[in-house]
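In my numbering, the protein residues as written are 1484 to 1636.
Glycine included, C-beta positions come from ideal geometry on N, C-alpha and C.
Take a look at the structure set out below.
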Amino acid sequence: MEQNIRVSALNLLARREHSRVEMQRKLLQRGYNLDEINITLDVLAKEGLQNEERFAENYTRSRFKRGFGPLHIHAELRIRGISEDLIKKVFIDAEMDWLTLAVNIRKKKFGVTQPKDIHDRAKQTNFLKYKGFRGEEIRYALGKDFDEYMEDE
1484 MEQNIRVSAL NLLARREHSR VEMQRKLLQR GYNLDEINIT LDVLAKEGLQ NEERFAENYT
1544 RSRFKRGFGP LHIHAELRIR GISEDLIKKV FIDAEMDWLT LAVNIRKKKF GVTQPKDIHD
1604 RAKQTNFLKY KGFRGEEIRY ALGKDFDEYM EDE
C-alpha cells in the first residue's frame, strides 16, 4: 500500500508542484491512510521531491504573472498550508514589483486614462482590491491622490 501512495504522490508532483497540505488532501480523497500519507510525504520531502519553499516560489511567480496582488497570493498560500514565515521569505526573495503590476493591471482593464469621476475611481479601486493589491499600490496605480484629482475638476 505504501508503494501505491508514493506512486500517487509522484504522479501529483509530476503535473505540478504541490504543498504538503494539498498532497495530504488529495491522497486522503483517494482513500489512503493519513499516517501512511505523512510517512510518504516525509520521505518525499527528505528526497527533495516535495518542497514547500519551491512550491511557494513557483506559486507566487505564477499568480504574479496572472496579475494577482500580494494580499490575494498571501491568502491563497495560507489556504495551501504555507507558513507565515515562509510566505514573507518568498515575497522578499522574489523581489516582485507590485506597484508596476498594479499599474499594468489597471491599464489593461480600464485603459491609460485616469478615472473621470468618483464612480470610476471607486470601480477601479474595487477591482484592484479584488485582485489583492494593498492601498499604497492602488493609490499608485490610480495616479494622483483623489483630493488633488477633485481640485483639477
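For Phe1551, no alpha helix (DSSP H) segment is defined, and its DSSP state is neither H nor E. Distance from the CA atom of Ile1570 to the CA atom of Glu1505, rounded to whole angstroms, is 16 Å.
Unbroken alpha helix (DSSP H) runs of no fewer than 4 residues, entirely contained in the segment 1569–1633, are found at 1581–1593, 1601–1613, 1618–1625, following chain order. Residue ranges of uninterrupted alpha helix (DSSP H) with 4 or more members, entirely inside the segment 1500–1555 and ordered along the chain, are 1503–1512, 1517–1529, 1535–1548. Rounded to the nearest whole angstrom, the C-alpha separation of Ala1585 and Arg1499 is 27 Å. The C-alpha of Arg1617 is placed about 36 Å away from the C-alpha of Leu1511. In the three-state reduction of the DSSP assignment, Arg1563 falls in the coil class, being assigned neither a helical nor a strand state. Taking the Cα of Gln1607 as reference, the smallest distance to any Cα among Glu1619, Val1595, Arg1589 is reached at Arg1589.
Inclusion of Ala1528 and Asn1534 in the CB contact set at 8 Å is warranted, their separation being smaller than that value. Beyond the five residues adjoining it in sequence on each side, Val1573 comes within less than 6 Å, by CB distance, of Ala1539, Glu1540, Thr1543 in the same chain, given in chain order.
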